[in-house]
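With mature numbering (1 follows the signal peptide of the UniProt record, and there is no 0) applied, the sequence shown covers -19 to -1, 1 to 452. Take a look at the structure below.
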Amino acid sequence: MAAAMRLPLLLCGHCCCVALRILSFKPNCATFSSSFRLRSSPQLGRRCFLGSDLVLRGSRGLSWAAVAKVKAQERRGDLVLGIETSCDDTGAAVVSTDGRILGEALSSQADLLSQWGGVVPNLAQSEHFKAIDRVVAEALANARVHESDLSAVAVTIGPGLSLCLRVGVRKARDIARAHRLPLVPIHHMEAHALVARLTEEAVNFPFVVLLVSGGHNLLLLAQDVGQYLQLGTTVDDAIGEAYDKTARLLGLNLKHGGGPALEEIALEGDPNFLNLSVPMRSQKNCNFSYAGLKNQVRLSIESQNISPDLPISEATSEERQLRADIAASFQRVAVQHLEDRCRRALEWARTIDPSVDCLVVSGGVASNKVVRSKLNNLVEAVGLRLVCPPPRLCTDNGVMVAWAGVEHYKRGIIDPPPPVDEPDDVRLDLRPRWQLGEIYAEGESFACSLKKTGDHPSLTAQVRNYMQGSH
Ligand code: KG4
Ligand code: ZN
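Okay, structure coming up:
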């Protein structure tokens, strides 16, 4: 009994702030603290805390945390497995706490995407089901480690498609439960933002981050892990969605995604062919809107009698040129809108904190070369640095989740292992809609509002509550 810890059970980690504070953070060294502290979120504790008891034991008859401590001492750098299934990519990776990518694997649903012209949630879920065991096994095999060598399992719990998130979260919980590992719940957009700190030297807080993907357009001031001020977001569509829709209407080959296809054909076109208006120029904020641009381009495509059903590969050379011109015009304006908003966001951010010295751009659209080069010019003109992760880490992948897991793990922002007797049908904590940062309202003396997206408080609010409660 001496080696066993009796701890209250926190059902299915229903929020990431309800956790055992089991790690004490020391730079470069994640050793386990000998003192255990149990706390629950002031806001959410009652909702998540069931009050039943759980005995945690490791395989050597020691407590779970004592086993983890021994494991940590045996190795150079702890290992975190990351699992990503929020949309249409099944990704897994093993990353060490000292920042080495030891192994990764990815299964994409490109064929389904081009067949259906978008993500169909139940089909995407069944692809994740088919792929998840193989992808995780491959990532571990590439890293030459076994599940039992891991120190924690990180998994995207939102935002994303609930059906898809479920597959990754179930897998992560199974591994964590079997090996008594802490779980690290991850916000997908934070993972996109933090991966720059893995791949680039000296991306220190605070920095500005532009996240551009299929479902999100976010401008944030990243102040620390789990601490974001939202400078701007989209009021309707995200840029990736506009790329995808336009690519479909132009009859492009969607096998590798609409964005890459449009970028490629735009190389052959005249960016000034269409006189499209840049969105929201009269609104002096950092928000985005792509629905109007998408519509302008759709009307042009219709007026030119371009049929989306005629693949570009079968178009005459004049038809191909027309499509290239429209693609290039769309891209010019889409990227101009990003430039406008980033310029203002950098001004705002430097007013809030003059030590900001770089703009990180991540998310699928950040792999676009025009986006990179235009934003690079903008950033250099104001004496800052542009940081873009390598293209393969800009789109969805397991590495970014594992690394975000490392960042949280090193700060002790983790959940305990799931109970050994957790039923398969336990209600999982999935957050299809989940705000990352608190909203910055310019002109309101840097006031932050706690507006929410979905039913959950923002990650930032939760982490702050958690940290405050643990001191
Ligand atoms: O981050 P991501 O992989 O998944 C989401 O979380 O949405 O982003 C996917 C989005 C898609 O809309 C895709 O068309 C877009 O990123 N994308 C691109 C490029 N590569 C991916 N958009 C423009 N140019 C690209 N090269
Ligand atoms: Zn993404």
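From the three backbone atoms N, C-alpha and C, an ideal C-beta is built for every residue, glycine too. Note that this is a predicted model, so its numbers are computed, not measured.
Just measuring C-alpha positions, the residue of Pro370, Asp321 and Leu191 sitting nearest Gln264 is Asp321. Boundaries for Val184: no beta strand (DSSP E) harbours it, and the DSSP string shows neither H nor E there. By the rule of a C-beta closer than 5 Å to any heavy atom of the ligand ZN, the residues picked out are Ser194 and Asp377.
Spatial neighbours of Lys226 in its own chain (CB-CB distance under 7 Å, excluding positions within 5 residues in sequence) are listed in chain order as Lys275. At least one heavy atom of the ligand KG4 lies less than 7 Å from the C-beta of Val346. Here the distance from the Cβ of Pro292 to the nearest heavy atom of the ligand KG4 is not below 7 Å. When the beta-carbon positions are compared, Ile64 and Val382 come within less than 8 Å of each other.
Under DSSP, the beta-bridge partners assigned to Gly72 are Glu65 and Leu87.
Remark: C-beta atoms of Leu201 and Tyr209 approach each other more closely than 8 Å.
Apart from the 5 residues on each side of it in sequence, Leu255 sits with its Cβ closer than 7 Å to the Cβ of Ser281, Ile307 and Ser310 in its chain, given in chain order. Assigned with DSSP and collapsed to three states, Asn198 falls in strand. The criterion of a C-beta distance shorter than 8 Å is satisfied by Ala174 and Leu192.
Between the alpha carbons of His197 and Arg115 lies a distance of about 29 Å.
Between Gly345 and Gly221, the CB-CB gap stays under 8 Å. When rounded, the separation of the alpha-carbon atoms in Thr441 and Met170 is 12 Å. By the Cβ rule, the segment 144 to 156 does not count as touching the segment 76 to 85, because fewer than three pairs are nearer than 8 Å.
Taking C-beta atoms under 8 Å as the contact rule, Val342 and Leu356 qualify, at a distance of about 6 Å.
Spatial neighbours of Ala330 in its own chain (CB-CB distance under 8 Å, excluding positions within 5 residues in sequence) are listed in chain order as Pro187, Val189, Leu202, Leu212 and Val337. Along the length of the segment 350 to 396, whole beta strand (DSSP E) runs at least 3 residues long occupy 366 to 368, reported in chain order. Per DSSP, the unbroken alpha helix (DSSP H) holding Cys323 starts and ends at Ser298 to Ile333. Boundaries for His237: no beta strand (DSSP E) harbours it, and the DSSP string shows neither H nor E there. Distance from the Cα of Ser294 is smallest, within the candidate group Ala305, Leu319 and Ser284, for Ala305. Taking C-alpha positions only, Thr376 is separated from Ala172 by approximately 11 Å.
The straight-line gap separating the alpha-carbon atoms of Pro372 and Asp218 is approximately 22 Å. Between Ala124 and Leu83 a beta carbon distance of about 4 Å is seen, short of the 8 Å cut, so the two are scored as contacting. Taken in chain order, the unbroken stretches of alpha helix (DSSP H) that lie wholly in the segment 144 to 186 and span 4 residues or more are 169 to 180.
With a cutoff of 8 Å on beta-carbon distance, Asp155 and Asn378 are scored as not near each other. Scanning its chain for C-beta atoms nearer than 6 Å, with the 5 sequence neighbours on each side dropped, one finds around Thr215 the residues Asn198 and Phe269, in chain order. DSSP places Tyr224 within a helical segment (H, G or I) once states are collapsed to three.
Checking the 7 Å criterion, the Cβ of Tyr224 is within range of a heavy atom belonging to the ligand KG4.
In this structure, DSSP gives Asp205 an extended state, which the three-state scheme calls strand. Rounded to the nearest angstrom, the gap between the Cα atoms of Ser194 and Asn286 is 29 Å. About 13 Å separates the beta carbon of Leu162 from that of Leu121, a gap too long to meet the 8 Å contact definition.
With a 10 Å radius around the Cβ and a threshold of 16 neighbouring Cβ atoms, Thr66 comes out buried.
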